[in-house]
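Novice: Quick note: the sequence shown uses the numbering used here, first residue 13, plus one each step. All C-beta atoms, glycine included, are put in the ideal place defined by N, C-alpha and C. I'd like to ask some things about the structure below.
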Amino acid sequence: PPKHWLLLFLDSVLHHNIRFCFPLLLSSISILIGAPKANTSQPDITEGGAVYLCPWSQANCSIINFDKQGRLSLSCLSCVEFKSHQWFGATVRSHGNSILACAPRYYWRTEHDTPFSDVTGTCYLSVDSLKTFVEFAPCRTERHGPAGQGYCQGGFSADFTKVREIFVGVSPGQLISATTEEIVKAYYPSYFLLSVAGQIQTRQMGSYFGYAVAATDINNDGLDDLVVGAPMFMRRGSNGRLEELGKVYVYLQRGPLLLEPSRSHLLGQQAFGRFGTSLAPLGDLNQDGFNDMAIGCPYGGDDQHGLVLIYNGHDGGLMDTPTQTLSGQWASSSFPDSFGFALRGNKDLDQNGYPDLIVGAFGADKAVVYRARPIVSASASLTVQPTMFNQEEKTCELFTGNETIAVSCISFCLLANGKHLPSHLGFVVEVQLDSVKQNQKESIRRTLFLDSQQPSLLKTLSLANGQRSCHDAKIYLRAEEEFRDKLSPIYISLNFSLDPHASVDQHGLRPVLNYQTEQRIEQKAQIQLDCGEDNICVPDLKLAVYGDRTEVYLGDENSLSLTFNARNEGEGGAYEAELYVVLPPEADYSGIARNLTCSYEAENQTRYLVCDLGNPMKSATSLWAGLRFTVPRLKYTYKTVEFELQIRSKNANNSESEVVLYELQVAAMADVILQGVSLPDKVIFPPPNWSVSQSLREEQDIVSVKGGTNLPRLISFPVVQVVTAVLWNKPDSLFYVPVWIIILAILAGLLLLSLLIYLLYKMGFFKRSDPYGTTMEKAQLKPQASSEA
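Given below as structure tokens:
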């Protein structure tokens, strides 16, 4: 058999309907297959199990006679051992010319009349390429019974170290260790109970500690380290209950047989996933100098079909988090779950220079081979020159020496190398001029563009292994009115990845990037501001607010006009300066009074106005403007209504003004007119013995009853009025008229009558006659005239 073999757990049904559920050793020449339910030539033993040797290129397998003895050991007639259904071959491990095979369900009893037997397990070791065999049964001792050997069942797992030290896993949670030399030296065929000098063991513990064990040099110090699985480890959860999560322990070897617990104790993340059921050293997958590890979690995953987690090594043990998670895509209803129940790795099956991994599932007749792809170590650089963009100075000198009108230039380089790579590697490179702004909702600013008028550059590159490729481009800044944010840094980013459409290598595989590769790099640039040499503006924002009323009334529309004065008294401009007006729930925005552009917005239950004050609002700016509101939704429980106003800018320093609260008092007002009938309904003026006052000129001056009741600040009745009709008293006797006035009036009347008669006379009023004249005049009329008349 070859010196370098690969171990594999497999569960299948092969020749003669034999179930194979056990490890297998694989190389380019031969395979060792454990068959725990195989029948052998051992007398009086049913399905004792076996180990087969199978050439890799052929289907013919031959059994290996680790043990030829039957049911009763001739060397101890008083001892009875039982090898039927012992699962010999359930564990098979190799290291160089040494091969170990175990039967974890082997059991025995010391006396014929003993009512019980002890399941102790046993192993057989060959150190000379399967020529001779010795037995190693660390749990078969004189301490029999449930309190003794019944709690020591060896052979569930095993592995070798570089110094030929064997670690054997013991159920339910123990490890026993001894060197191959000590085991061979202690073996005597005539002795049934053997004591191995120098054997060490851990204290008995639960959680099936030791169910899986693997030895490999994780920290690259030349000494094999030990990884131990405890798939039934339990931890108390946040609810106080115990959760079975599984755990994997890492022990670093600091000296011969001196194991030190590492900080890398890995805990399963899913209850009942049985994390740590299987372990497989993988070798150095990512070519970083540290060996990696595969850990099986056969009942993990969203569907509980099983997972295999890949952990990379480092100088302190294993990484805390997996770098890759594998799931069984072939699991179906015809096959049981438990993908990852068995693992073997650290062997380059396809000879591409990288170790591969084989994954099996309990009860399945197939295994999955995961071929490791070549690892590419790649690095990129990105340069922006200059990093301060000034629209007034549009000069940029490329490395070719050409002058342009661009505001800046970018240059990016890509370098790739690795072992066993194709001759050329394909990369996809994307340069984004306005990448996602940090800590803001906006995604792209659209501030810069390239010759293509686009804000990004997408390029496919082909690099030879170890080659460095560089490219450059010009950057242009959009017009000032086309973007708003002038303060925030402009993040120019570069992302690269392997071309997914590149051709495969000679092994049919595409390479992958090292998981530690930084695939995104970013540079920062600024827009030149009118803020001095340091390009930092420090405004000093002031706000004053005036209103046309101080009270609002219940039940009224309450129109309100607010006039404000916004000033910047600082040494620099306030960029993206805006007036924020938070409206109280009782108020509505009705319009702009003057000189302003505003937008109405709402966020959750808060309504507010945002009014543009300038970008920038330059130093020494003083702006007057006004806003109109109504306050129609008042309640009697309110005493005041407040408007909150503030100037805000995007400057990093001194970006806001003081908050100004404009407060309105809430009042209630009613105008009441009381009308009625007075008794008496008339008042005769003047009363007897009354003299006329100079202040009385009209009837309404006589009686005006005014009054009312005032509720301070809240309710007022300004006028309550009762009006009674007032009549002047008329005396019964006539007033005396002097005689001369009467004579004068008669004479004036006669004079007026004489004048009228004279005028009528002059007008011929008194000379009127019969329209047909006298008889003589009638006779003289012509016949025609007479007939017409």
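For residue 552, which residues in the same chain have their Cβ closer than 7 Å to its Cβ, ignoring the five residues on either side in sequence?
Specialist: Sequence index remark: in the sequence shown, residue 552 carries index 540 (1-based). For residue 552, same chain residues with a beta-carbon under 7 Å away, outside a window of 5 residues either side, are 580, 581, 582, 666 in chain order.
Novice: Between the alpha carbons of residue 670 and residue 601, how many angstroms are there, rounded?
Specialist: Locating residue 670 in the sequence shown gives position 658, counting from the first residue. Locating residue 601 in the sequence shown gives position 589, counting from the first residue. Using only the alpha carbons, I get a separation of about 22 Å.
Novice: By a C-beta neighbour count over all protein chains shown, 10 Å radius and 16 as the cutoff for buried, is residue 172 buried or exposed?
Specialist: Residue numbering aside, residue 172 sits at position 160 when the sequence shown is read from its first letter. So residue 172 ends up on the buried side.
Novice: Under 8 Å, with one C-beta from each stretch per pair, do the region 289–297 and the region 226–238 reach the 3-pair mark?
Specialist: Taking one beta carbon from each stretch, the region 289–297 and the region 226–238 have 3 or more pairs nearer than 8 Å; the two touch.
Novice: Which residue comes first and which comes last in the beta strand (DSSP E) that contains residue 770?
Specialist: To locate residue 770, count along the sequence shown from 1; it is residue 758. Element bounds for residue 770: not the beta strand (DSSP E) but the alpha helix (DSSP H), 751–774.
Novice: With burial defined as no fewer than 16 other Cβ atoms inside 10 Å of the residue's Cβ, what is the status of residue 244: buried or exposed?
Specialist: Translated into the one-based positions of the sequence shown, residue 244 becomes position 232. Under this definition residue 244 is a buried residue.
Novice: If I measure Cβ to Cβ from residue 477 and keep anything under 6 Å in the same chain, skipping five residues before and after, which residues do I get?
Specialist: Taking the first residue of the sequence shown as 1, we reach residue 477 at position 465. Once the five neighbours on either side are set aside, the close Cβ partners of residue 477 are 429, 433.
Novice: With a cut-off of 8 Å on the beta carbons, I'd call residue 323 and residue 300 a contact; round off their distance for me.
Specialist: Translated into positions along the sequence shown, residue 323 becomes position 311. Translated into positions along the sequence shown, residue 300 becomes position 288. Their Cβ separation, rounded to whole angstroms, is 13 Å, which puts residue 323 and residue 300 out of contact at 8 Å.
Novice: Should residue 400 and residue 540 be called a contact, given that it needs their Cβ atoms to be closer than 8 Å?
Specialist: Here residue 400 corresponds to residue number 388 of the sequence shown, with the count starting at 1. Here residue 540 corresponds to residue number 528 of the sequence shown, with the count starting at 1. Contact: yes.
Novice: For residue 646, which of 636, 624, 639, 678 has the nearest alpha-carbon?
Specialist: In the sequence shown, counting from the first residue as 1, residue 646 sits at position 634. Relative to residue 646, the option among 636, 624, 639, 678 whose CA is nearest is 678.
Novice: Is residue 718 helix, strand or coil when you go by DSSP?
Specialist: Counting from 1 along the sequence shown, the entry for residue 718 is found at position 706. Low local confidence applies: a pLDDT of 38 at residue 718 is under 50, so the model's placement there is unreliable, with the coordinate-based value given in what follows. Three-state result, residue 718: strand.
Novice: Would you kindly work out how many angstroms separate the C-alpha atoms of residue 235 and residue 225, rounded to a whole number?
Specialist: As a first step, residue 235 must be located in the sequence shown, where it is residue number 223. As a first step, residue 225 must be located in the sequence shown, where it is residue number 213. C-alpha of residue 235 to C-alpha of residue 225: approximately 16 Å in a straight line.
Novice: Please list the terminal residues of the continuous alpha helix (DSSP H) segment that includes residue 196.
Specialist: Counting from one through the sequence shown, the residue named residue 196 turns up at place 184. Counting along the chain, the alpha helix (DSSP H) containing residue 196 begins and ends at 192–198.
Novice: Does DSSP put residue 576 in a helix, a strand or coil?
Specialist: In the sequence shown, residue 576 corresponds to position 564, counting from 1. Strand, per DSSP.
Novice: Report all residues from its chain with a CB closer than 6 Å to the CB of residue 727; omit the five preceding and five following residues, and keep chain order.
Specialist: Taking the first residue of the sequence shown as 1, we reach residue 727 at position 715. Low confidence applies to residue 727: its pLDDT is 47, below 50, so where it sits in the model is not reliable, and the reading given next is rough at best. 680, listed in sequence order.
Novice: Can you tell me the Cα-Cα spacing of residue 674 and residue 655, whole angstroms?
Specialist: Walking along the sequence shown from the start, residue 674 turns up at place 662. Walking along the sequence shown from the start, residue 655 turns up at place 643. Answer to the nearest angstrom: the Cα atoms are 5 Å apart.
Novice: Would you kindly check if the distance between the Cβ of residue 78 and the Cβ of residue 145 is under 8 Å?
Specialist: Locating residue 145 in the sequence shown gives position 133, where the first residue counts as 1. Locating residue 78 in the sequence shown gives position 66, where the first residue counts as 1. Going by C-beta atoms, residue 145 is nearer than 8 Å to residue 78.
Novice: Specify the secondary structure class of residue 630 as computed by DSSP and reduced to three states.
Specialist: Within the sequence shown, residue 630 is the residue found at index 618, counting from 1. Three-state result, residue 630: coil.
Novice: Buried or exposed for residue 103, please, with buried defined as at least 16 other CB atoms from any protein chain shown within 10 angstroms of its CB.
Specialist: Indexing the sequence shown from 1 puts residue 103 at position 91. Residue 103 is buried by the Cβ-count criterion.
Novice: Within a Cβ cutoff of 6 Å, which residues of the same chain sit near residue 388, ignoring the five residues on either side of it in sequence?
Specialist: Mapped onto the sequence shown, residue 388 falls at position 376. Closer than 6 Å at the Cβ level, and outside the excluded window around residue 388, lie 428, 430, 523, 525.
Novice: Could you give the C-beta distance for residue 620 and residue 643, rounded to a whole number, given that I count them as a contact under 8 Å?
Specialist: As a first step, residue 620 is located in the sequence shown; it is residue number 608 there, counting from the start. As a first step, residue 643 is located in the sequence shown; it is residue number 631 there, counting from the start. Actually they are not in contact, since the Cβ atoms of residue 620 and residue 643 sit about 16 Å apart, beyond 8 Å.
Novice: Run the CB neighbour count on residue 265, radius 10 Å, all protein chains shown included, and call it buried at 16 or more, exposed below.
Specialist: Locating residue 265 in the sequence shown gives position 253, where the first residue counts as 1. Residue 265 is buried by the Cβ-count criterion.
Novice: State yes or no: is the C-beta of residue 533 within less than 8 Å of the C-beta of residue 509?
Specialist: Stepping through the sequence shown from its first residue, residue 533 is reached at position 521. Stepping through the sequence shown from its first residue, residue 509 is reached at position 497. The answer is no: Cβ separation not under 8 Å.
Novice: Take residue 435 as the anchor and find which of 422, 443, 474, 384 has the nearest alpha-carbon.
Specialist: Residue mapping note: residue 435 aligns to position 423 of the sequence shown, counting from 1. Residue 435 has its Cα closest to that of 474, out of 422, 443, 474, 384.
Novice: Is residue 204 helix, strand or coil when you go by DSSP?
Specialist: Here the question's residue 204 lines up with position 192 in the sequence shown. DSSP, reduced to helix, strand and coil, places residue 204 outside both helices and strands of the structure shown, so it counts as coil.
Novice: May I ask you to list the residues that DSSP assigns as paired with residue 141?
Specialist: To locate residue 141, count along the sequence shown from 1; it is residue 129. None, per the DSSP bridge assignment.
Novice: Let me make sure I understand the geometry here. Which of 384, 469, 419, 174 has the alpha-carbon closest to that of residue 441?
Specialist: As a working mapping, residue 441 is identified with position 429 in the sequence shown. Residue 441 has its Cα closest to that of 469, out of 384, 469, 419, 174.
Novice: Considering only their Cβ atoms, is the gap separating residue 271 from residue 263 smaller than 8 Å?
Specialist: As a working note, residue 263 is residue 251 in the sequence shown. As a working note, residue 271 is residue 259 in the sequence shown. Result yes, Cβ atoms of residue 263 and residue 271 sit closer than 8 Å.
Novice: Give a yes or no on whether the C-beta atoms belonging to residue 809 and residue 320 are separated by under 8 Å.
Specialist: Examination of residue 809 is not possible in this model, given that the chain is present from 13 through 801 alone.
Novice: Helix, strand or coil for residue 655 per DSSP?
Specialist: Counted from its first residue, the sequence shown places residue 655 at position 643. Per DSSP, reduced to three states, the secondary structure at residue 655 is strand.
Novice: By Cβ distance, which residues of its chain are closer than 7 Å to residue 557, with the 5 residues on each side in sequence left out?
Specialist: The residue given as residue 557 occupies position 545 in the sequence shown. Taken in chain order, the residues that qualify are 574, 576, 657, 672, 674.
Novice: Within 10 Å of its beta-carbon, does residue 276 have 16 or more other beta-carbons around it, so buried, or fewer, so exposed?
Specialist: Taking the sequence shown and counting its residues from 1, one reaches residue 276 at position 264. Flag for residue 276 reads buried.
Novice: For residue 595, collect the residues of the same chain with a Cβ closer than 8 Å to its Cβ; drop the 5 residues on either side in sequence, then sort them by chain order.
Specialist: Here residue 595 refers to the residue found at position 583 when the sequence shown is read from its first residue. If we look at residue 595 and ignore the five residues flanking it on each side, its Cβ neighbours are 601, 619, 620, 621, 641, 655.
Novice: For residue 500 and residue 664, what's the separation of their Cα atoms in angstroms?
Specialist: To locate residue 500, count along the sequence shown from 1; it is residue 488. To locate residue 664, count along the sequence shown from 1; it is residue 652. Their backbone Cα atoms lie some 9 Å apart in a straight line.
Novice: With a Cβ-Cβ cutoff of 8 Å, do residue 587 and residue 623 count as a contact?
Specialist: Locating residue 587 in the sequence shown gives position 575, where the first residue counts as 1. Locating residue 623 in the sequence shown gives position 611, where the first residue counts as 1. No, these two residues do not count as a Cβ contact at 8 Å.
Novice: Looking at chain B, is there any beta carbon in it that lies within less than 8 Å of the beta carbon of residue 446?
Specialist: Of the protein chains in the structure, only one exists, and it is not chain B.
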